[in-house]
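Engineer:
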Amino acid sequence: MKKKFTMADFLILGIVAILGVLIVLWMVFHAASVGDRVLVEVDGQEYGTYDLKKDAVYDIKVKGEVTNTLTIKDGKAYMSAANCPDHLCMKQGKIHQDKQTICCLPNKVVVTVISNEKNEYDSVVK
Amino acid sequence: MTLKVPKLGVFLALALILSYVESLIPFYFGIPGMKLGLTNVIIVLILYLDDWKDAALISFTRVLIAGFMFGNVYSIIYSLGGALLSFLIMLILKKTMNLHIITISICGGIFHNIGQIIVAVWAMDNIYIAGYIPALYIAGIITGFLIGLLAYELYPRLRKVFNR
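Protein sequence lines, in the order shown, are assigned to chains A and B. Following the working numbering, the numbering of the first sequence begins with 46 at its first residue and continues without gaps. Following the working numbering, the numbering of the second sequence begins with 2 at its first residue and continues without gaps.
1. Report yes or no: is there a C-beta of chain B within less than 8 Å of the C-beta of G93(A)?
2. Taking 8 Å as the CB-CB limit, is I57(A) close to chain B?
3. Flag L100(B) as yes if its beta-carbon sits less than 8 Å from any beta-carbon of chain A, otherwise no.
4. Any beta carbon from chain A within less than 8 Å of N164(B)'s own beta carbon?
5. For G116(B) and Y138(B), what's the separation of their Cα atoms in angstroms?
6. Nearest CA to the CA of L150(A): which residue from I107(B), V122(B), M98(B)?
7. With DSSP run on the structure shown, which of helix, strand or coil describes N164(A)?
8. Rounded C-beta distance between I107(B) and V61(A)? I'm assuming under 8 Å.
9. Who are the Cβ neighbours of V107(A) in its own chain at under 7 Å, not counting the five residues just before and after it?
10. In terms of residue numbering, what span does the beta strand (DSSP E) encompassing A101(A) cover?
11. Is it right to say H132(A) is buried, meaning 16 or more other beta carbons lie within 10 angstroms of its own, or is it exposed?
12. At 8 Å on the CB atoms, spell out the chain A contacts of L94(B), in chain order.
13. Under the rule that 16 or more other beta-carbon atoms within 10 Å means buried, what is N99(B), buried or exposed?
14. Mapping the DSSP letters down to three states, classify V113(A) as helix, strand or coil.
15. Do T104(B) and I57(A) have their C-beta atoms within less than 8 Å of each other?
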């Protein structure tokens with residue numbers, strides 16, 4: 046094993062850094078707009094869409110059994126209960142921006158924020 | 002050659018203990034698939050101490066056994082995706098270029114996370130999960146660097162034991 050970093054290392058690390066900067070820039074320029082609905086999918090199948098403006102509690106049932114509970118409050122959606130062992134979906138926090146997701150891997154439940162308008166810009170500088 | 006079996010057994014046991022230690026550390030910042038990747042230190046070390054075939058064997062058996070002990074079927078599938086992609090990238094880089102152990106580890110860390118996301122996109126049939134890639138990419142650089150540093154310090158110490 047060599048002790049010092051050489052050109053090859055700096056080349057690879059440079060590529061890694063440039064890729065990282067590009068990914069972050071891409072993320073900044075695609076800063077999400079606020080969505081108005083959430084789409085709930087179970088095992089890739091659409092389960093339902095719910096309005097973000099309306100405060101409510103929805104039970105998500107898989108094969109007749111309530112696996113996850115989705116709560117919408119103050120325009121934000123979050124997973125308030127889940128029967129999976131790790132409860133990671135509950136720790137994923139509240140979502141309200143377009144295309145933000147909460148996913149519960151064990152139950153295959155995915156909650157995605159969607160909006161009616163596509164490519165919605167706050168302002169355009171000319 | 003017969004000494005290889007107990008040596009690899011010890012390394013597999015180490016990898017499993019690290020899997021367990023990792024499951025105890027609450028390293029979670031709201032991003033699915035984010036992991037410290039402690040066991041990768043074992044894989045990187047075997048890659049350098051021994052050959053790639055043994056590293057692949059340890060990586061695969063580690064994912065299976067750790068999955069059955071501390072996880073479930075889903076965690077095995079996600080880990081397998083991450084372990085496979087990260088291993089392939091590390092192997093290709095190590096074979097083609099003379100790279101520092103930390104560089105290899107950083108690339109492994111990044112692609113472990115990306116591999117898990119690819120499996121998640123496929124398993125959940127939801128492309129939006131790919132939105133986690135930026136966060137996981139940066140997390141992979143940080144954890145990969147730490148793991149690489151650990152491997153760099155451990156290598157000269159373990160080499161004496163392993164190649165005896």
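The C-beta atom is built at its ideal place from N, Cα and C for all residues, glycine as well.
Structural biologist: The structure says:
1. Chain B places no beta carbon closer than 8 Å to that of G93(A), leaving this residue out of the contacts.
2. yes
3. yes
4. no
5. Within the model, the alpha-carbon separation for G116(B) versus Y138(B) is close to 11 Å.
6. Taking only the C-alpha atoms, the option nearest L150(A) is V122(B).
7. Only weak support exists for where N164(A) lies, its pLDDT of 47 falling under 50; the coordinates are left without a value.
8. 6 Å
9. V87, N152
10. Going by DSSP, A101(A) is part of the beta strand (DSSP E) stretching over 101 to 107.
11. exposed
12. I57
13. Its Cβ having fewer than 16 others within 10 Å, N99(B) is exposed.
14. Per the sequence shown, the amino acid found at residue 113(A) is Asn instead of Val. Three-state result, N113(A): strand.
15. At the C-beta level, T104(B) and I57(A) come within 8 Å of one another.
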